[in-house]
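Asks:
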Amino acid sequence: MSAKAESWQTAEIAGPTKANVIVKPEIAAAMIKRAKRPIIVVGYLSTKTDKDTGKMIEYAIRMNKACGIPVVATAHTIKEFVKQGFNDAIQMNAMDIGNRLKDPTWNGLDGKGPYDLALFMGLPFYMEFVILAGLKHFSTNLKTISLDRYFNPHASWSFPNLKVEEWNQSFETIINKLGGN
Amino acid sequence: MSAKAESWQTAEIAGPTKANVIVKPEIAAAMIKRAKRPIIVVGYLSTKTDKDTGKMIEYAIRMNKACGIPVVATAHTIKEFVKQGFNDAIQMNAMDIGNRLKDPTWNGLDGKGPYDLALFMGLPFYMEFVILAGLKHFSTNLKTISLDRYFNPHASWSFPNLKVEEWNQSFETIINKLGGN
Amino acid sequence: MAKKGLVVKAKELKTDVAVVKDLQVSIGKLVDDTWEEPMGPTPMPSMTDLRDWDFELLRRYKPFYLPFCDVCCLCTFGKCDLSGDKRGACGLNMAAQQSRIVLLACCIGAATHTAHARHLVHHLIEKHGGDFPLDQGGLNIDVEAPVTRLVCGIKVETLRDMEEALDWAEEQVTHCLSACHTGQEGSNLDFESKAFHAGMADQVGMEIADLAQISVYGFPKADPEAPLVELGFGATDVKKPTILVIGHNVPSSVGIIDYLTKKKMLGQVEVTGICCTAHDLTRYEPSAKVVGPISWQLKYIRSGMADLIMVDEQCIRADTLEEAQKVKTPVIASSPKNCLGLKNRTNDSVDELVNDLVEGKVHGVLILDSDKAGEVAVEAVLKVAPKRNKFSIIPDIEEIKAAGAACSGCNECVRACPNNQPIPEAMKAAAEGDLAPFSEILDNCIGCARCDSACPKDFPLHSFMTKAGEQKLWEEKYLMRSGRGAIQDIEIRNVGGPIVLGEIPGVIAIVGCANYPEGQGAIAEITEEFAKRRYIVVLSGCAAMSVAMVKDENGQTLYEKYPGGFEAGGVLNVGSCVSNPHIAGAAIKIASIFAKRNLRGNYEEIADYIHNRVGAVGLAWGAMSQKAASIASGFWRLGVPVVVGPHGSKYRRMLLGRADKKEDWYVYDARTGDKVYTGPTPEHLFTTAETKEEVIVMMAKLCFRPNDTTKGRSMKLTHYIDLHKRYYGVMPEDIHLFIRNKMDIPITMKPEIQKILEEKGWEETKIPDPTLLKRMVRKRG
Amino acid sequence: MAKKGLVVKAKELKTDVAVVKDLQVSIGKLVDDTWEEPMGPTPMPSMTDLRDWDFELLRRYKPFYLPFCDVCCLCTFGKCDLSGDKRGACGLNMAAQQSRIVLLACCIGAATHTAHARHLVHHLIEKHGGDFPLDQGGLNIDVEAPVTRLVCGIKVETLRDMEEALDWAEEQVTHCLSACHTGQEGSNLDFESKAFHAGMADQVGMEIADLAQISVYGFPKADPEAPLVELGFGATDVKKPTILVIGHNVPSSVGIIDYLTKKKMLGQVEVTGICCTAHDLTRYEPSAKVVGPISWQLKYIRSGMADLIMVDEQCIRADTLEEAQKVKTPVIASSPKNCLGLKNRTNDSVDELVNDLVEGKVHGVLILDSDKAGEVAVEAVLKVAPKRNKFSIIPDIEEIKAAGAACSGCNECVRACPNNQPIPEAMKAAAEGDLAPFSEILDNCIGCARCDSACPKDFPLHSFMTKAGEQKLWEEKYLMRSGRGAIQDIEIRNVGGPIVLGEIPGVIAIVGCANYPEGQGAIAEITEEFAKRRYIVVLSGCAAMSVAMVKDENGQTLYEKYPGGFEAGGVLNVGSCVSNPHIAGAAIKIASIFAKRNLRGNYEEIADYIHNRVGAVGLAWGAMSQKAASIASGFWRLGVPVVVGPHGSKYRRMLLGRADKKEDWYVYDARTGDKVYTGPTPEHLFTTAETKEEVIVMMAKLCFRPNDTTKGRSMKLTHYIDLHKRYYGVMPEDIHLFIRNKMDIPITMKPEIQKILEEKGWEETKIPDPTLLKRMVRKRG
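One line per chain: the protein sequences are A, B, C and D, in this order.
Position 137 of the first sequence, counting from 1, maps to 438 under my numbering, and the rest follow consecutively.
Position 123 of the second sequence, counting from 1, maps to 424 under my numbering, and the rest follow consecutively.
Position 349 of the third sequence, counting from 1, maps to 350 under my numbering, and the rest follow consecutively.
Position 710 of the fourth sequence, counting from 1, maps to 711 under my numbering, and the rest follow consecutively.
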C-alpha cells in the first residue's frame, strides 16, 4: 500500500494539521474496535457502480453486521441500502449529520450518548473535505476517518490515494479484524 | 539528519508544490556544482551571533572561495562580510535581487547571463518564504535552495528543520564537496 | 413619498441665466402625501437595526462552519494557525474567521450588484435624463419595487429616485466591508448578522438594476408570455458574422443591437450571448441568441464561431483575451470593471478602432462608451468574419488519438477536475479512437479547463471533450422563455392565499450559477418534478438557461410545456441575476397584497411573515460566485431557506436547524402570546444537498411553514412522503414532527401514518398565528 | 465652490408649516465664485479616469508578486492550484490573483476609513448640525482639505459638504470591490490600477474623518506646539479607577471625557487609551493617558489595571471580551463595526446598565449612543474599581518556574511566533528562576499571543513575558507630542522651495502599525537619524507612539528634543491613522502654494509634480493591516515611494524599479519635450526593508528626485553616501546613477567619486524640468 499522502484534489491542500495516513487497514480496524461509539456515514457515490465506488454499500453493511456500527446514509443512498436488503440505515442530510456530530451534547441516533469516532465514505471529495474540516475544528472528542479511496487531509485519519484493489483489500481486512465476514 | 519537512513557521503552509527536502547535504553540493550560474543571497540574520545564525557569513565566504559563487548581501549584511575580510559581496535590497532573479533577461551582476540556481539564507523566515514563492511562480529556469536551518517550503529544495550541529555539518560537507575548505 | 434632497438639473445656472451667489435653500424633506403608507420602524436600516431579527434566526439556525483550510491569511500579522482552539495574532478564532469570510463574500457580491446598478442608472440618466419614469409592469404592478420599499422606505418613480437607494446600499457595503478589517468584529454571530445586512443591500442593488433596465430598454414587463427565444450552439447561424457578448451588464450589447437596427442590419449579424448579458440581450431583442450559461464560454470560443467577442462585466473568464487570440477573434472590453489590460481607446475614431482590430494590430481594445463599442463591434465583425473564416482550435481526431497514446496516466487532470471526471480513462479510449468517454465527460463538465492547466504535457483536454461532444453540441437548439421581470399584483392576488395557507405546496426558486456536480439535466428534472406537482417554479440566471436545455420526447422544453405565469405549475424565468429580487419581491408582495401588511421600512415584520407563512425555498444548485453568496444571504434575512449543490459546501458555513431539539421550534401565537411548538418548519435556513434526488425531497420538506392550514399541510405532507418514498425508497422518519393534529394527515395515508405516530409517542399541538416577534402579539398571553 | 445638491434641513416642512405637494425645484449647480480655482480634468474620478497615470507608474515600477500560497480559495469553483503557469477555474493566473488580493486589501482598508468617516460625520451632524463650520487650522490654513480638493474638486466648508465626498468615496469602494468578484478583472495591471484608486478614495475618507473631528472636537489645529501628553504603563495612576479605551473612532471616548467634565470628575478617573483612539483622546483632552500602540493591548488587559474597557472600532483584539473576563473587567462595545455578540442595550437606562455591569450579570454591553456609553462607563468604573481591586492574571514567579520545569521544549511556541523568539530557551531559564530571557523577548514581542495558543500545555507565555518585563513596563513613562493635525500654509511656504529644489534633503513619513520585527526602538532610531540630518520627519498612528518610547541619556524623547513644526529637523506627530492625509496634503500643498499649480480635480498633474519633485518617502515599519495597505496605495498613486518592514513582505506584491534598465528612467523635459535620462529617481515605489539600517540608507536614497537642483542633489548624495558607509561599511555601488553633472558631486568627496565615475564610464546628463506627462510639455521638442 502506498503511503503517499497528497490530497486527492491537488488544490485542496490542508495544514498545518493533516490527517494521519492509514498505512495499514489494521490501524483503522483497531480504532473502530477501540471506539466506544463509532458511526459510519455513507454518501451517494456509493450508489454508483464504477470501479471507484462499487462496493461501499456492501462494505458498510458488512461492517455493521460485524460490529453493529450504526449507518447513516446521506442523500438518496438509503435507497441502495434498502435495495441490498439492509433496513437499518438512517437517512440524513450530510450537513445535518455533520452538524450533530460536532455537538458534544448530541446523544446520537439512539439517544445513548455522543459518538467518538465517525467514519466517512462516498461523499464528493470536496464536500467530505469541508465537513471533515468542520469536525476537525469544532467537534470535541470526536475522531474522524475517511475510508474513501483518496487521501482526504482534514480527517483525523485517512487512507492514502489507493489503487482499487488495495482499497478493496483494506475493507476486507478491516471487516475481518472486526470479526465480520 | 531528520527528514521531517514541516514549514518551520507552523502556519506558513504551502502546497501543492512544496520544496524537496535536502536529506543529504551532498544533494545541495551536487546541485551547486551542476549549476552553470549559481548565486547566493545572504540576509541580515547572518550578522547575528546566536546559535541559529552564527556562521552563515563564514560559510558563504568559504563557498565563494570554493567555487566562485557570487554573493549578494542584503540589507546591512555587507558590513559583516567586509568586517570578515570579504570584499566581493554585492549589497542589494532583498526584493530587488528577488525581482531581478525572476527576470530571465537579467544578465546578472557581471552581465554574463541569467542565473540558474539561487541559494538563500539568513533572511527572516517569512520574508524568504514569500520571495521564494515569487521565484517559484514567476521565474523561469531558476531553481532555488534554502540553506537556512529551517524547512522553507516555497524553495525548490530546502534543508528540513535541523539541529544546529546537523546544520553546521551540512555546510562543512557542502563546502568540502565543492572542493573548498 | 419623501425625498431627502431636491431635484438638481445637469446644467449649471451660471450658463443659463446668471451666477447664483451664496444661495442657500433649506427645505427639508419633500413630502408627497399621495403615498399614504405609513413609515415602518427601519427605513434605510443601519448595520445594527435588524440585528435582533438576525439573532432570532441565528438562535434557531446555528452556523456550522466548514473551514477550507486551517489558517487565516488576510493580513500580514499572519498567516495564523487557527486549528484546535487557537486564536490568530489579532485574537480571532476559527468560527469568527469563517463567518468573516462569509461576510467578505457577501460584501463582494453585494458590491458587484450595487456597482452594476450604479453604472446602469448613471448611464441611463446620462442618456435619458433623471426624469425617465420607471415602469415595472404598467397597470399590472402597483408595488413597483417591493424590496426597495421594504428596505429603504422609499418609492422609486424615476431613474433619479434610484440614486438615493444606491447611496444607501453603497454606504452599507462600505460599512460591512469595513467590519472585515483586522481587529474589527470579534463575534461570529455579529459577522453573520452583517452578512445578512450585506445580502439585504444586495437585494436592493439588484432590484434597482433590473427595474432600471426593464424601464428604459423596454424589457418584458412582468409578462408571463415573454417571448420564447433560441438557445444553444445549434441556434446560432454560424454562416453569419457572429458577435459573442459575455457578462452581465447589458448597455454595450444594447449598443450592438441599436447600431444594427439603425443600419437595418439586424439579421445580417448573429448576436449571441453567454451568461446574464445573454438573458438581457434577448429581453431587449428576442432575435438574439443565447449560447448557454457561463460554463459554455471556453468551448464556444475555442470552436471559433465567434468572430468578435465583447465582454462587459462579471462571470467572464479571465483568460478570454488569450483564448480569443488563439482563434484570431478580436475582443472589445466595455466595462471599467474588466479592462483586461487593454488600451483605453474610447476617444479614438470608430474607423481607427475597426481598422486596428481588423488588421490584427491589437488583440483587443477598451471602449468605455456603449454606443461606440456597439458600432465598432458591428463594423469590425463584418470585416473580421471573412478573414477569420471561423478559425477553430478544436483539434481533429488524429491529434486526440496521438495525445491519448502519449498520455502517461499521471492523474493530474482528474485531480484538478472539480467533478473528478475520469479523463485518464478517456485518454486511453481516445488512443484507440473512441471518443465516447470524452463526450460523456463533457456532459458533466463545468468548462473550467483546470484539466488543461494541470496536464504536464499541455494537452488541451477541454478541447478534446469539445471535439468529442461536437455533434451533440451543434444539435443543441432549444427554446427558453425570455426573462419576464416582476410578478404582477394580480398574480399575487390569485395565489397569495393558496401559498400562505399551504394549498399551493410551495414556491421553488432555482437560481444562479452553473457549477454543477453532474451535468445540466438535474435542473430540468427538479423543475419538472415540482411543476407537475403544481408548485410554482421560478428561475433566473444560468439556472434558467439550464432548464431550457432538456427536451422531452416531443422535442419540447419545460418552458413550452408549462405556463409562464406565477401560478400553480408555472415555470417562470424572471431574467438575469439582477432579476432575483422579483422572487423575493413576490414573497414580499404576498404580505402586502394578500395580507395587507405595510411594507415601507417594515423589514422585520415582513421577514417574520414570510418566514412563518410563505413556503418559498431557494435552490442554487451550481452556486459558485460571491454574488450567489450575497443573493442567498438576502433570502436568509427574509427567512427563506436556501439549498446549494455540493460545490456550495465550500461557502464554509451552513445555517442548520436541529429537528431533534424541541426547544428550538417554538413561536409566539400572535393571538394569545402563547409559545407554541411548531415542529422544524422550515428545518434549515441554509444547507447543501448532495444529489438532485436529495434536493427534491429536501425542498418539498422545506416548504412546510407553521402557518399552513391543515389542508395545506396535508398536501405538503403528501408530496413530501410521496417524494421520499420515490427517491429514498422508504417512509420518512420525521413525519410526526410535521403533524399538528389528525387533520394534517393525508387522507390516503392515514392508517400507515397513525401507526407511526403511535410509535413515536406523538401528541397533538396547536396551530398558532405564528410569529417570532413578541411585539406582534396582539394580546399578551 | 460648486455643490451638486441643495442644503436640506432635518425637519420636515410638513411639521413646521404645511405639506409641500409635488414641489420640484431644479436649480442645477450652485456656483460660488469666491473660489476662483478652475476645475481640473478629473473631479470625482471614476475607476478608469486615472488609469493612464497608473500605467505610467506601473511601466516603471513593475509588480513583483510574492504569493502566500499556491492556491486561490476565493470562490467555490476552487480551491484552484495556480502554481506554474496554471489558471484557476475562472481563467485567472497567479499574477492577476495576487494583484486581486492587493486590491481586496486596499478595498477593505479604504472601506474602513470611509465608513469611519461616514460614522463620524453622521454622528457630528446629528449632534451639531450640518452647518457646523470646518476648521483645519484657522487663518493658518487656506487649502482646507488638499486631498479632497485635488481628488473631488470640491471645497468642504461645513460638515454637510463632506457628505458629497463620502458619497463619492463609497461609490468608488463599491466599484473597486466589485472588481474583485470572480470573473471580473482579468489583468494584473488593471487590478493594480484599481488598488491605486481604492487607495486614493481612502485618502479622501481619512481626510474627511480627521477634519471633521478636528473641527468639532477642537483638536489641535495645525499646531506645531500641540501639547506633550503622557504615554506608557507608568503614566497611568493605577490607584484611580481606570477606564481603558481601545480603537480608532473617538466619539464614545469623548462621551467619557464629556461626562467626567460635566460631573467635575476629570482627574478622579484615569482615562487611558490604546491605538488611535488614544491619540484622538489626547487631542481632545491632553490629561488623558496613552498606554501604547496596538501591541500593548493584551499585556495591559492581563495586568488588570483597567477597571473597565470600552472598545470602538478597528485594530482591537477580537478576544478582548474573553481576556477582560479573565480579569473581571467589564466591557462596553460602542461601535456597530464591533458588537462582540453583546446584547444591544442602547435603549436601556443608565442605572440598569451600570448595575448589570457592576454586579457582573453580564460581561459586557453594546451601547450605540456615545453619550450614554460615556456615562455608563464612568458610573460603572467608579463602582467596579473597588470590587476588582486591580485583579490581575499575570502569574507570579513560582508559577512561571513550575511551567518552565514542565516545558517539553516542543518548539510549537517559537514556530508560532511571528518574530521567531526563543521562548523554549526562556522557559528553560525560567525553570531556574531566571526571567531575563523572557524580559528580552518582551522587547521584541508584538503582543499577538500566538505562543499562548500554540502551547500544547496551555501555558500563558505572553503573561510570563509580561511578568518578566513588569518592572521595566511600569517604569515606562514618556512624553509624546499630541497629534497636531495639518501642516500650515506658512510652513509649506517656508520649506516648499527647499524641499522641491532638494535642499531640505527629504520628508520622511513614518506611519502605521506596530507589527515590528525587532522591538520599538527602530522607529526612534530611524527618526532621529533623519531629524538630526535636518530631514523633516512626520509621524502618525502607532509609529508616532513608538517614537515617544525611547529616551536619551537626559531622559528626553525626540518630541522634546526636536521641534514640532514642518521644518528642517522637525519631528511631527500629525495624529491618528486618519491624520495621514495631512502628510499627503503637505506634498500636495507644496505644488499648490509653492508652485502655484491648481489642485481642483487636477490629480494627475499634481501626482506627476510630487513624483518628480517632492522628495517624500513613506515608511510603514510595522505595517500589518489592510488599512496600511490602502494608505500606502494612496501614496503610490501620488508617486510617493513607500517602504515596509519585513512583515510587510507578506502584502504579496512589491513595486520595484530596475536601476539597471536605463530605458526605464527617462522623463520629458517640460521645457523642450526631449526625453531625458534621470537615473532611478526614486528607485522603487514599494519595497521591503529587512532591517532598520537598510531603512535608513534606502530612504535617504529614495529621496532623490529628477528635479533636484545640483545643490540639493549634492546634499542628498552626501547623506546617502555617508549613511551607506556608516551602516554598510562601504561606498555605494550606484552613485554614478545619481550624478547628472559634476556640480552634483559633494565637494568633500570629489576625488573619491570622480574615480568611481571614471571606472563606471559615467557621462554627464541634463537636468530637465521633469514630467512623465507628455501633455505637460510646454514646447514640443
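Idealized CB from N, CA, C, for every residue including glycine.
(1) Starting from the C-beta of D417/B, find all residues in its chain whose C-beta is less than 8 Å away, skip the five residues before and the five after it, and write them out in chain order.
(2) Check the Cβ of G79/D against every Cβ in chain A and list those closer than 7 Å, keeping chain order.
(3) Taking the beta carbon of K319/B as the centre, do at least 16 other beta carbons fall within 10 Å, making it buried, or is it exposed?
(4) Which chain B residues are close to V72/C, counting only those with a beta carbon under 7 Å from its beta carbon?
(5) Along the stretch 620 to 654 of chain C, where does the CB come closer than 7 Å to a CB of chain D? Name the residues.
(6) Tell me which same chain residues have a C-beta within less than 8 Å of the C-beta of R60/C, skipping the five on either side of it?
(7) Give a yes or no on whether 8 Å exceeds the smallest Cβ distance from P461/A to chain B.
(8) Return the residue from the list L322/C, K327/C, I295/C, V328/C that minimises the CA-CA distance to A334/C.
(9) Give every residue of the same chain whose Cβ lies closer than 7 Å to the Cβ of V148/C, excluding the five residues on either side of it in the sequence, and list them in chain order.
(10) Using a beta-carbon distance cut-off of less than 9 Å, what residues from the stretch 428 to 462 of chain C approach chain B?
(11) Within the 8 Å Cβ cut-off, does S303/A reach chain D?
(12) Straight-line CA distance for A374/D to V292/C?
(13) Which residues in chain B have a C-beta closer than 8 Å to the C-beta of T692/D? List them in chain order.
(14) Are the stretch 491 to 511 of chain C and the stretch 403 to 423 of chain C touching, with three or more C-beta to C-beta distances below 8 Å?
(15) With distances taken Cα to Cα, identify the nearest neighbour of L479/A among F421/A, V342/A, P317/A, M364/A.
(16) Closer than 9 Å, Cβ to any Cβ of chain B: which residues of the stretch 516 to 533 of chain D, in chain order?
(17) Do you know offhand how far Y360/A's Cα is from E473/A's?
(18) Taking 7 Å as the limit between beta carbons, can you name the residues of its chain near R88/C, skipping five residues before and five after?
(19) Step through the CB atoms of chain A and report whether any lies within less than 8 Å of the CB of D82/D.
(20) Starting from the C-beta of T672/D, find all residues in its chain whose C-beta is less than 6 Å away, skip the five residues before and the five after it, and write them out in chain order.
(21) Tell me, please, which residues DSSP counts as bridged to E231/C.
(22) Distance cutoff 8 Å, beta carbons only. Does D675/D sit that close to anything in chain C?
(23) Return the first residue and the last residue of the beta strand (DSSP E) that R654/D is part of.
(24) Just the Cα atoms here: how many angstroms apart are D191/D and Q98/D?
(25) Please confirm if the stretch 150 to 167 of chain D is in contact with the stretch 301 to 310 of chain C, defined as three or more CB-CB distances below 8 Å between the two stretches.
(26) Spatial neighbours of K651/D within its chain, please: CB distance less than 8 Å, with the 5 preceding and 5 following residues excluded, ordered by chain position.
(27) Closer than 8 Å by C-beta to R416/C: which residues in its own chain qualify, once you throw out the five before and the five after it? Chain order, please.
(28) Can you tell me the Cβ-Cβ gap for I500/C and V508/C, rounded? I've got them flagged as a contact below 8 Å.
(29) List the residues of chain A whose Cβ lies closer than 8 Å to the Cβ of Y728/C, in chain order.
(30) Looking at the C-beta of D770/C, does it have a partner C-beta in chain D at a distance below 8 Å?
(31) Report, in whole angstroms, the separation of the C-beta atoms of R614/D and E606/D, which I expect to be a contact under 8 Å.
Replies: The relevant details are as follows:
(1) Closer than 8 Å at Cβ, skipping near neighbours: A336, K337, R338, P339, N442, L443, K444.
(2) Residues of chain A passing the Cβ test: A312.
(3) Buried, because 16 or more other Cβ atoms sit within 10 Å of the Cβ of K319/B.
(4) Chain B residues near V72/C: A312, I314.
(5) Answer in chain order: A624, M625, S626, Q627, K628, H648, G649, K651, Y652.
(6) For R60/C, where only same-chain residues beyond five positions count, the Cβ hits under 8 Å are D665.
(7) No, P461/A lies away from the interface with chain B (no Cβ there is under 8 Å from its Cβ).
(8) When C-alpha distances from A334/C are compared across L322/C, K327/C, I295/C, V328/C, the shortest belongs to L322/C.
(9) Leaving aside the five residues that flank V148/C on each side, the residues in its chain whose CB is nearer than 7 Å to its CB run, in chain order, Q204, V205, E208, P582, A585, G586, I589.
(10) Along the stretch 428 to 462 of chain C, there is no position whose C-beta sits under 9 Å from a C-beta of chain B.
(11) Low confidence applies here, because S303/A scores a pLDDT of 44, under 50, leaving its location unreliable; read the following figure in that light. False, the Cβ-Cβ gap to chain D never drops below 8 Å.
(12) Rounded to the nearest whole angstrom, the CA to CA distance from A374/D to V292/C is 59 Å.
(13) Within chain B, the residues near T692/D are Y345, A376, H377.
(14) Put simply, the stretch 491 to 511 of chain C does not touch the stretch 403 to 423 of chain C. Fewer than three CB pairs are less than 8 Å apart.
(15) Check the Cα spacing between L479/A and each of F421/A, V342/A, P317/A, M364/A: the tightest is with M364/A.
(16) Answer in chain order: P518.
(17) C-alpha separation (whole angstroms): 8 Å.
(18) Within the same chain, and ignoring the five residues on either side of R88/C in sequence, the residues whose Cβ sits closer than 7 Å to its Cβ are N94.
(19) Among the residues facing chain A, D82/D is included, as its CB has a counterpart in that chain under 8 Å away.
(20) The amino acid occupying residue 672/D in the given sequence is Arg; Thr does not appear at that position. Around R672/D: D770.
(21) DSSP, once it has assigned bridges, lists L480/C as partnering E231/C.
(22) Not closer than 8 Å to any Cβ of chain C, the Cβ of D675/D fails to qualify, so no.
(23) Element bounds for R654/D: 654 to 657.
(24) When rounded, the distance between both Cα atoms is 12 Å.
(25) With a cut-off of 8 Å, the stretch 301 to 310 of chain C and the stretch 150 to 167 of chain D do not count as touching, because too few Cβ pairs lie within range.
(26) Taken in chain order, the residues that qualify are L67, F69.
(27) Listed in chain order, the non-local C-beta contacts of R416/C below 8 Å within the same chain comprise A455, local neighbours out to five positions each way being set aside.
(28) With 8 Å as the limit, I500/C and V508/C qualify as a contact, their Cβ atoms being about 6 Å apart.
(29) Those within 8 Å of Y728/C in chain A are H377, K380.
(30) The Cβ of D770/C sits no closer than 8 Å to any Cβ of chain D.
(31) A Cβ-Cβ distance of about 12 Å is found for the pair R614/D and E606/D, leaving them out of contact under the 8 Å criterion.
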